[in-house]
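A short worksheet on the structure shown next.
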Amino acid sequence: MPLKSPDELEQLRTKILEERKAQGEKKGIVLCTGTGCRGAGASEVFDAFKKALGKKSAIEFKSTCCHGFCERGPITIVEPLGIFYQGVTPADVPQIIAETVTKGQVIEKLLYRDPATGQTIPTEKAIPFYTKQNRLVFGNNRHLDPTRIEDYMAMGGYKALVKALFHMSPEEVIEEIKRSGLRGRGGGGFPAGRKWESCRKAHGDIKYVICNCDEGDPGAYMDRSLMEGNPHSVLEGMLIGAYAIGSSEGYVYVRNEYPLAVENVGIAIEQATKMGLLGKDILGSGFDFSLVINKGGGAFVAGESSALMASIEGYVAEPRAKHIHMTESGLWERPTNLNNVETWANVPVIIEKGADWYASIGTQGSKGTKIFSLVGKINNTGLIEVPMGMTLREIVYDIGGGIPGGKRFKAVQTGGPSGGCIPESLLDLPVDFDELTKAGSMMGSGGMIVMDESTCMVDVAKYFMHFLKDESCGKCTSCRDGTLRMYEVLDAITKGKGKEGDIEFLEEIGWMTAEASLCALGGSAANPVLSTIRYFRDEYEAHISAKRCPAGVCTELITFTIDPKACIACGKCRKGCPTEAITGEKKVPHKIVQAKCIKCGTCREVCPSDAVKVA
Amino acid sequence: MTGAQLENILKKHDYQKSSLLAILQDVQALDNYLPRKTLEAMSQRLQVPLTQIYYLATFYRAFSLTPRGDHLVTVCTGTACHVKGAATILNTLERELAVQPGETTSDKKYTLETVNCLGSCALAPLVVLDGHYHGRMVGTKVLSLLKGDKKDASKKS
Ligand SMILES: Cc1cc2nc3c(=O)[nH]c(=O)nc-3n(C[C@H](O)[C@H](O)[C@H](O)COP(=O)(O)O)c2cc1C
Ligand code: FES
Numbered sequence: 001m002p003l004k005s006p007d008e009l010e011q012l013r014t015k016i017l018e019e020r021k022a023q024g025e026k027k028g029i030v031l032c033t034g035t036g037c038r039g040a041g042a043s044e045v046f047d048a049f050k051k052a053l054g055k056k057s058a059i060e061f062k063s064t065c066c067h068g069f070c071e072r073g074p075i076t077i078v079e080p081l082g083i084f085y086q087g088v089t090p091a092d093v094p095q096i097i098a099e100t101v102t103k104g105q106v107i108e109k110l111l112y113r114d115p116a117t118g119q120t121i122p123t124e125k126a127i128p129f130y131t132k133q134n135r136l137v138f139g140n141n142r143h144l145d146p147t148r149i150e151d152y153m154a155m156g157g158y159k160a161l162v163k164a165l166f167h168m169s170p171e172e173v174i175e176e177i178k179r180s181g182l183r184g185r186g187g188g189g190f191p192a193g194r195k196w197e198s199c200r201k202a203h204g205d206i207k208y209v210i211c212n213c214d215e216g217d218p219g220a221y222m223d224r225s226l227m228e229g230n231p232h233s234v235l236e237g238m239l240i241g242a243y244a245i246g247s248s249e250g251y252v253y254v255r256n257e258y259p260l261a262v263e264n265v266g267i268a269i270e271q272a273t274k275m276g277l278l279g280k281d282i283l284g285s286g287f288d289f290s291l292v293i294n295k296g297g298g299a300f301v302a303g304e305s306s307a308l309m310a311s312i313e314g315y316v317a318e319p320r321a322k323h324i325h326m327t328e329s330g331l332w333e334r335p336t337n338l339n340n341v342e343t344w345a346n347v348p349v350i351i352e353k354g355a356d357w358y359a360s361i362g363t364q365g366s367k368g369t370k371i372f373s374l375v376g377k378i379n380n381t382g383l384i385e386v387p388m389g390m391t392l393r394e395i396v397y398d399i400g401g402g403i404p405g406g407k408r409f410k411a412v413q414t415g416g417p418s419g420g421c422i423p424e425s426l427l428d429l430p431v432d433f434d435e436l437t438k439a440g441s442m443m444g445s446g447g448m449i450v451m452d453e454s455t456c457m458v459d460v461a462k463y464f465m466h467f468l469k470d471e472s473c474g475k476c477t478s479c480r481d482g483t484l485r486m487y488e489v490l491d492a493i494t495k496g497k498g499k500e501g502d503i504e505f506l507e508e509i510g511w512m513t514a515e516a517s518l519c520a521l522g523g524s525a526a527n528p529v530l531s532t533i534r535y536f537r538d539e540y541e542a543h544i545s546a547k548r549c550p551a552g553v554c555t556e557l558i559t560f561t562i563d564p565k566a567c568i569a570c571g572k573c574r575k576g577c578p579t580e581a582i583t584g585e586k587k588v589p590h591k592i593v594q595a596k597c598i599k600c601g602t603c604r605e606v607c608p609s610d611a612v613k614v615a
Numbered sequence: 616m617t618g619a620q621l622e623n624i625l626k627k628h629d630y631q632k633s634s635l636l637a638i639l640q641d642v643q644a645l646d647n648y649l650p651r652k653t654l655e656a657m658s659q660r661l662q663v664p665l666t667q668i669y670y671l672a673t674f675y676r677a678f679s680l681t682p683r684g685d686h687l688v689t690v691c692t693g694t695a696c697h698v699k700g701a702a703t704i705l706n707t708l709e710r711e712l713a714v715q716p717g718e719t720t721s722d723k724k725y726t727l728e729t730v731n732c733l734g735s736c737a738l739a740p741l742v743v744l745d746g747h748y749h750g751r752m753v754g755t756k757v758l759s760l761l762k763g764d765k766k767d768a769s770k771k772s
């Protein structure tokens, strides 16, 4: 039955809460089955729990989506004690139920061990990865089964919607968002309130709001985790935005590669519609709003606003010139407001807690928190949410736990293919929109890829240019050919065919590509190249002049040799070598025949005594 | 794909030209590629030029115009996987299967593809074999994976 008034919504909430209270502090198990943990085997653990628990109703079993600490998946939390188990396998399930759930005993071997102190840490709260975070938007994932709207209700869900619909005018909502200082989380950092205002003021009866869940940045997955783990928070944000803007139709554009996000947001829309939170005359307010899901076709440029709208219209996702803003003439030439998933998910928080409270978090120009995907050469890989302005050093070392294997930190890449690399000398940079841009990178959608001494920065630049030349839609010559030419030059450099003047040439095409391209793909395409030249020029020069790859990555510039002193002549490399390039017998140190070596790295991988050297 | 199956898909989307992308997705989901005959029939039924359908089908990564092999091997070449050695894994597979990404082996057994980030960066580098995620890959592991070595417990996702 659809709810017809705010009172009915509150009655339902009270009922849910009372039912839960009546059951007392239930013993419970929370298992993360988000994409990261599924990759690590959470589905099998899920089946094992289901089987072991059977219909034992005394134990509540909840499967949630991403908690963020993906490095340690599959993650299981035993309530009410909050015991945190990592790397859980189906074999651990009976013991968890028998000992921890039933008797409250902790299983040492499943606990997180702090690499710094060597001590085990029994609860989530005390793990350094979590303590420094401020999980305003992302934190609820841990408490929600995303397929149950009741869970969202129990946490105060749709309260902000009621506040907006019944206690605020659309203008007041816009004013509140403006005062909060919320900036778009999808890349550009445009003030959300201002965008809403211009869309509200635009002429036309029919207006659209769209949620951008295309998330094309390779190495970023926060939008996906929000959409999978807490879809109602995104819907609630969109409802509030649509009310403020005067829109009654919306779209959720989800990337093709995200089937679970599509599924969960689909369930959320269905449930919200059944409850009367979507549809006609929502909660008796007279406000109508409905939502449609669109699946993308897997193209990076489809995340760009005008390209995304072309894609919804059924065309190829090519951007168009924006002499007229999307807020005036967007989807089907009607005023359209597009925001990113995380931007939308911030809206209910702001409306509920107030703009002043929100604006007290963060820096002068960037308010609130930001979710980052902290990945690459870092100990604690995962999704983190921190207040704007936290330094890179705190993120990499305090939350990320530093670089694995005692290696030396080299750079953090932020902003995805449109961003750049930030070197060690800037580790104390406070991370916000403006500081990152000043450093020659950008916030982007929040990817943070950590690189260590064994990452080659020229190779990284080449990697991004390869990506961009493939993903450029080809409409502008400057972007299509600029990215291709930069890639060719970088490819030559990494193959030892670089020549004097290449760096200057890259700078020149980079500048031209940025200046002459229509959309921000071309506009920012040179960033990965220019920022690596800016901070790692010596590496470029080593490749070009000395024909040397200091990080030992570029295969044409390195040689594999076996250190005869370290070689134990076990024969593993000889057997493993795909080109039979290794000679030697038992007890005789092995040798690599350079003419046959294809530098695939197999010998180094299989060597038990670390005798294979790369230089 | 039979004519009736195509008709069902078209009907589901109300014969709308604006749903072309979604229609192609449904065809791809059913046949695992976009057969030329189906695209020609679609062009007829919807009165859309075949060139326009071809334009869409070649623009988006999700579509394939050639049939895929029995097994789909996908290497993640997202940034996190790249810095952790995805290139070596891809090279190994290219050498072993003697195909380039996007191609199918001549015995139609394997199709090799790449993808940009699967949201499991913590397991980088990542290889997906027929929907099963295999994390923290190295060259030798990927070879035993292809050989169906059961020691590499597969993780369904
Ligand atoms: C090439 C390109 C790709 C983009 N990809 C995305 C994306 O995947 N997700 C996203 O939210 N924004 C993306 N954007 C930014 C959007 O154009 C747009 O600015 C954003 O979705 C607006 O929402 P926001 O103001 O809430 O950030 C992309 C931009 C460009 C130029
Ligand atoms: S980069 Fe490979 S899973 Fe994210």
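Chain order of the listed sequences is S and Z.
Everything in the first sequence is counted per the numbering used here, starting at 1 for the first residue and increasing by one.
Everything in the second sequence is counted per the numbering used here, starting at 616 for the first residue and increasing by one.
Idealized CB from N, CA, C, for every residue including glycine.
- Residue-chain proximity (residue 595 of chain S, chain Z), Cβ-Cβ < 9 Å: For this step, residue 595 of chain S is matched to residue 595 along the first sequence. No - not a single Cβ of chain Z is within 9 Å of the one on residue 595 of chain S.
On the criterion of 16 or more Cβ atoms from any shown chain inside 10 Å, does residue 344 of chain S qualify as buried, or is it exposed? Locating residue 344 of chain S in the first sequence gives position 344, where the first residue counts as 1. Counting Cβ neighbours within 10 Å, residue 344 of chain S comes out buried, since at least 16 surround it.
message: Residues of chain Z with CB closer than 8 Å to the CB of residue 71 of chain S, please, in chain order.
response: Mapped onto the first sequence, residue 71 of chain S falls at position 71. Per Cβ cutoff of 8 Å: 737.
- CA-CA distance, residue 550 of chain S and residue 460 of chain S? Position 550 of the first sequence, counting from 1, holds the residue named residue 550 of chain S. Position 460 of the first sequence, counting from 1, holds the residue named residue 460 of chain S. Rounded to whole angstroms, residue 550 of chain S and residue 460 of chain S show a C-alpha spacing of 13 Å.
Under 9 Å, CB to CB, which of the residues in the segment 702 to 713 of chain Z have a partner in chain S? 702, 703, 706, 707, 710 and 711
Could you have a look at residue 633 of chain Z and say whether DSSP puts it in helix, strand or coil?
-> Counted from its first residue, the second sequence places residue 633 of chain Z at position 18. In the structure shown, residue 633 of chain Z sits in a helix (DSSP, three-state: H, G or I).
Practice task
Check the Cβ of residue 715 of chain Z against every Cβ in chain S and list those closer than 7 Å, keeping chain order.
Solution key: For the purposes of this step, residue 715 of chain Z is taken as residue 100 along the second sequence, with counting starting at 1. Those do not exist, as residue 715 of chain Z stays about 13 Å from chain S at its closest Cβ, beyond 7 Å.
Checklist entry - Listed from N- to C-terminal order along the chain, which residues in the segment 241 to 268 of chain S have their beta-carbon within a distance smaller than 7 Å of any beta-carbon of chain Z? => result 256 and 257
Note down, in chain order, every chain S residue with its Cβ under 8 Å from the Cβ of residue 640 of chain Z.
For the purposes of this step, residue 640 of chain Z is taken as the residue at position 25 of the second sequence. Residues of chain S passing the Cβ test: 256, 295 and 297.
**Message:** Taking 8 Å as the cut-off, is the beta-carbon of residue 618 of chain Z closer than that to any non-hydrogen atom of ligand 4?
**Reply:** Ligand 4 is not part of this structure, which contains only ligand 1 and ligand 2.
Using a threshold of 9 Å, state whether the C-beta atoms of residue 339 of chain S and residue 438 of chain S are closer than that.
As a first step, residue 339 of chain S is located in the first sequence; it is residue number 339 there, counting from the start. As a first step, residue 438 of chain S is located in the first sequence; it is residue number 438 there, counting from the start. Not closer than 9 Å, so no.
Between residue 218 of chain S and chain Z, is any beta-carbon pair separated by less than 9 Å? Here residue 218 of chain S corresponds to residue number 218 of the first sequence, with the count starting at 1. Output row for residue 218 of chain S: interface = yes.
Note to self: For ligand 2, is there any heavy atom lying closer than 8 Å to the beta carbon of residue 740 of chain Z?
What the structure shows: The residue labelled residue 740 of chain Z in the question sits at position 125 within the second sequence. Yes; taking the cut-off as 8 Å, the Cβ of residue 740 of chain Z has a heavy atom of ligand 2 nearer than that.
Selection from Z:626, Z:737 and Z:634 that minimises the alpha carbon distance to residue 313 of chain S
Start at 1 with the first residue of the first sequence, and residue 313 of chain S comes out as number 313. Ranking Z:626, Z:737 and Z:634 by Cα distance to residue 313 of chain S puts Z:634 first.
Is there a C-beta anywhere in chain S that falls below 9 Å from the one on residue 748 of chain Z? To locate residue 748 of chain Z, count along the second sequence from 1; it is residue 133. So, interface residue.
Handout entry: residue 547 of chain S versus residue 441 of chain S: straight-line alpha-carbon distance, rounded
Key = Within the first sequence, residue 547 of chain S is the residue found at index 547, counting from 1. Within the first sequence, residue 441 of chain S is the residue found at index 441, counting from 1. Each residue's Cα considered, the two are about 28 Å apart.
Inset, instruction - Can you tell me which of the three DSSP states residue 37 of chain S falls into? - result: By 1-based counting over the first sequence, the position of residue 37 of chain S is 37. If DSSP states are grouped into helix, strand and coil, residue 37 of chain S belongs with the helices.
Query - Alpha-carbon to alpha-carbon, residue 627 of chain Z and residue 304 of chain S - result: As a first step, residue 304 of chain S is located in the first sequence; it is residue number 304 there, counting from the start. As a first step, residue 627 of chain Z is located in the second sequence; it is residue number 12 there, counting from the start. The alpha-carbon atoms of residue 304 of chain S and residue 627 of chain Z are separated by roughly 28 Å.
In whole angstroms, what separates the C-alpha of residue 737 of chain Z from that of residue 383 of chain S? The residue labelled residue 737 of chain Z in the question sits at position 122 within the second sequence. The residue labelled residue 383 of chain S in the question sits at position 383 within the first sequence. So the two alpha carbons sit approximately 10 Å from each other.
Starting from the Cα of residue 621 of chain S, find the closest Cα among S:208, S:430, S:465 and S:83 and give me that residue. With chain S covering only 1 through 615, there is no way to say anything about residue 621 of chain S.
Measuring CA to CA, which of S:424, S:558, S:109 and S:136 is closest to residue 612 of chain S? Numbered from 1 along the first sequence, position 612 holds the residue referred to as residue 612 of chain S. With distances taken between Cα atoms, residue 612 of chain S lies closest to S:558.
Give, in chain order, every residue of the segment 679 to 695 of chain Z whose Cβ lies closer than 9 Å to some Cβ of chain S.
-> Residues 691, 692, 693, 694 and 695.
_Considering only their Cβ atoms, is the gap separating residue 570 of chain S from residue 603 of chain S smaller than 9 Å?_
As a working note, residue 603 of chain S is residue 603 in the first sequence. As a working note, residue 570 of chain S is residue 570 in the first sequence. Cβ atoms of residue 603 of chain S and residue 570 of chain S: not closer than 9 Å.
Assign residue 1 of chain S to one of two classes, buried (16 or more other C-beta atoms within 10 Å of its C-beta) or exposed (fewer than that).
Within the first sequence, the letter at position 1 stands for residue 1 of chain S. Result: exposed.
query = What span of residues does the alpha helix (DSSP H) with residue 305 of chain S cover, start to end?
reply = Translated into positions along the first sequence, residue 305 of chain S becomes position 305. Segment 305 to 312, the alpha helix (DSSP H) holding residue 305 of chain S.
ask   = Any heavy atom of ligand 1 closer than 8 Å to the CB of residue 519 of chain S?
value = Taking the first sequence and counting its residues from 1, one reaches residue 519 of chain S at position 519. Correct: residue 519 of chain S has its Cβ closer than 8 Å to ligand 1.
Report yes if the CB atom of residue 300 of chain S is closer than 9 Å to the CB atom of residue 521 of chain S, and no otherwise. One-based indexing of the first sequence puts residue 300 of chain S at position 300. One-based indexing of the first sequence puts residue 521 of chain S at position 521. Taking 9 Å as the Cβ cut-off, residue 300 of chain S and residue 521 of chain S qualify as a contacting pair.
**Request:** Would you check whether ligand 1 has a heavy atom nearer than 8 Å to the C-beta of residue 706 of chain Z?
**Result:** Mapped onto the second sequence, residue 706 of chain Z falls at position 91. For ligand 1, not one heavy atom lies less than 8 Å from the Cβ of residue 706 of chain Z.
Where does residue 148 of chain S fall in DSSP's three states? Sequence index remark: in the first sequence, residue 148 of chain S carries index 148 (1-based). Annotated three-state conformation of residue 148 of chain S is coil, per DSSP.
Go ahead and pull the three-state DSSP assignment for residue 560 of chain S. Within the first sequence, numbered from 1, the residue matching residue 560 of chain S stands at position 560. Residue 560 of chain S: strand per DSSP, three-state reduction.
Item to check | Chain-ordered chain Z contacts of residue 87 of chain S [CB-CB under 9 Å] | outcome: Locating residue 87 of chain S in the first sequence gives position 87, where the first residue counts as 1. Those within 9 Å of residue 87 of chain S in chain Z number zero; the least Cβ separation is about 11 Å.
- Task: Taking residue 640 of chain S and residue 77 of chain S to be in contact with their CB atoms under 8 Å, please state how far apart those CB atoms are, rounded to whole angstroms.
- Result: Residue coverage of chain S in this structure runs from 1 to 615, which leaves residue 640 of chain S outside it and unanswerable.
Which residues in the same chain have their Cβ closer than 8 Å to the Cβ of residue 625 of chain Z, if we skip the five residues on either side of it in sequence? Translated into the one-based positions of the second sequence, residue 625 of chain Z becomes position 10. Leaving aside the five residues that flank residue 625 of chain Z on each side, the residues in its chain whose CB is nearer than 8 Å to its CB run, in chain order, 638, 657, 660 and 661.
Strictly under 9 Å for the Cβ-Cβ distance: is residue 634 of chain Z near chain S by that measure? Here residue 634 of chain Z refers to the residue found at position 19 of the second sequence. So yes, residue 634 of chain Z belongs to the interface.
In chain Z, which residues lie with their C-beta within 7 Å of the C-beta of residue 420 of chain S?
-> Start at 1 with the first residue of the first sequence, and residue 420 of chain S comes out as number 420. Simply none; closest approach about 13 Å.
Please classify residue 206 of chain S: is it buried, with 16 or more other beta-carbons within 10 angstroms of its beta-carbon, or exposed?
-> Position 206 of the first sequence, counted from the first residue, corresponds to residue 206 of chain S. Exposed is the call here.
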